[in-house]
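Chains as they are written, first to last, in the working numbering: chain Z, 1 to 131; chain P, 1001 to 1131. The structure under discussion appears below in the form of structure tokens.
Protein chains: 2
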Amino acid sequence: MAGSSGTTARPDTPTAAVSPLLGEGGEQVGMVAKFFRALGDPTRLRLLEFLLAGEHTVSECVTHVGLSQGRVSVHLACLADCGYVAARRDGRYTHYRVVDPRVADLVVLARSLAADNCVALAACERITPRT
Amino acid sequence: MAGSSGTTARPDTPTAAVSPLLGEGGEQVGMVAKFFRALGDPTRLRLLEFLLAGEHTVSECVTHVGLSQGRVSVHLACLADCGYVAARRDGRYTHYRVVDPRVADLVVLARSLAADNCVALAACERITPRT
DNA sequence: TAGATGCATCCGCTTTGACGAATGCCGGAC
DNA sequence: GTCCGGCATTCGTCAAAGCGGATGCATCTA
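The following block contains the structure:
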């Protein structure tokens, strides 16, 4: 069933590149899951993409996503804690920006994978169809 | 920190690589968030890493993670729906495996980013410290 | 000084979703 | 044929976490 999207499936790179990294961390799993979960919320993901396009203040982010200021502030702090963005205080304004280029890589890669499985992904009812 | 890639992300490489992808999908955001959320659960992430090391049956996965069979079956189906793994029926056994090498890339990249921010990430109380 | 603005934190409320256990379905063994 | 074993699905329970609104603090302006 899962093989649906014909475009996928490149069984050429086995798992050689990964296994050495995977063997060691039993602890790390929880950490990485926490890291992924930060981007599992549509609001935070939208904020991150907004910040990938350039630095913005909290109020600009509030306008962009259309949620309450308190909520947006929490989401941005969460993204900062997880290392996706960095905060810069300037007087009474706080500017957020993406500092690590790998963040953009991660988003692009995920978008690519999600796009190739968008049909099955959209049909998956085991994860909230939120939005 | 995260010195990783020397050049600081933005000013010169604006968002050229990213923005064309970002501009279009308002719909896509929910999809990609769903995609990320699949890996936001420690159990599913552990299963995915187990499968990155090679093909396994459901019962092998049950033994590996130590949860109820029903739960593991649901998690595996979820990973399949999202395109992380593919299922193969062989008699009364179902084998799961990772078919797309980009999945390994995604996990490695996330591990790298999470490791560089493990201190702040571990301290983040805005996301469940679920083990 | 006082007043206004931007941001962070706290408080109930509500929904999401992970869990074990029970059940159903199918394929192989006898 | 019947029985057994592997997997998928469903149900009830409960913690995680998103939400708006209220509050507190710091900073800029008049």
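For every residue, glycine included, the Cβ atom is placed at its ideal position computed from N, Cα and C. None of the values given here were measured: they were computed from a predicted structure.
CB Z:A135 to CB P:L1039, shorter than 8 Å? In this structure chain Z extends from 1 to 131, so residue 135 of chain Z is not present and cannot be described.
Where does the unbroken alpha helix (DSSP H) through Z:D81 begin, and where does it stop? Residue numbering aside, residue 81 of chain Z sits at position 81 when the first sequence is read from its first letter. 69 to 81 is the extent of the alpha helix (DSSP H) around Z:D81.
Distance between Z:S112 and P:H1035 (C-alpha atoms, nearest Å): Indexing the second sequence from 1 puts residue 1035 of chain P at position 35. Indexing the first sequence from 1 puts residue 112 of chain Z at position 112. The amino acid occupying residue 1035 of chain P in the given sequence is Phe; His does not appear at that position. Looking at the backbone, the Cα of P:F1035 and that of Z:S112 are separated by about 11 Å.
Taking the straight line between their C-alpha atoms, what separation do you get for Z:C115 and Z:V103? Here residue 115 of chain Z corresponds to residue number 115 of the first sequence, with the count starting at 1. Here residue 103 of chain Z corresponds to residue number 103 of the first sequence, with the count starting at 1. Rather than Cys, the amino acid found at residue 115 of chain Z in this sequence is Ala. Spanning the two alpha carbons is a distance of roughly 18 Å.
Can the beta-carbon of P:R1046 be found closer than 8 Å to that of P:V1062? Position 46 of the second sequence, counting from 1, holds the residue named residue 1046 of chain P. Position 62 of the second sequence, counting from 1, holds the residue named residue 1062 of chain P. No.
Three-state class that DSSP yields for Z:A53 in the structure shown: Taking the first sequence and counting its residues from 1, one reaches residue 53 of chain Z at position 53. For Z:A53, the three-state secondary structure derived from DSSP is coil.
Chain Z beta carbons: is any one of them nearer than 8 Å to that of P:R1092? To locate residue 1092 of chain P, count along the second sequence from 1; it is residue 92. Output row for P:R1092: interface = no.
Interface flag, P:C1124 vs chain Z, CB-CB below 8 Å: Here residue 1124 of chain P refers to the residue found at position 124 when the second sequence is read from its first residue. Yes, P:C1124 counts as interfacial toward chain Z.
Cα separation between Z:L51 and P:R1044? Stepping through the first sequence from its first residue, residue 51 of chain Z is reached at position 51. Stepping through the second sequence from its first residue, residue 1044 of chain P is reached at position 44. Their Cα atoms are separated by approximately 29 Å.
Quick check: what's the CA-CA separation for Z:G54 versus Z:L79? Along the first sequence, read from residue 1 onward, the residue named residue 54 of chain Z stands at position 54. Along the first sequence, read from residue 1 onward, the residue named residue 79 of chain Z stands at position 79. The straight-line gap from Cα to Cα measures roughly 15 Å.
Hey, quick one: how far does the beta strand (DSSP E) through Z:D100 stretch, first residue to last? Along the first sequence, one-based indexing puts residue 100 of chain Z at 100. It is not in any beta strand (DSSP E) - Z:D100 carries neither H nor E in the DSSP assignment.
Using a C-beta cutoff of 8 Å, does Z:S112 count as contacting chain P? Counting from 1 along the first sequence, the entry for residue 112 of chain Z is found at position 112. Interface residue, yes.
Report the rounded CA-to-CA distance for Z:D100 versus P:D1090, giving the unit in angstroms. Working through the first sequence from its first residue, we reach residue 100 of chain Z at position 100. Working through the second sequence from its first residue, we reach residue 1090 of chain P at position 90. A direct Cα-to-Cα measurement between Z:D100 and P:D1090 gives close to 44 Å.
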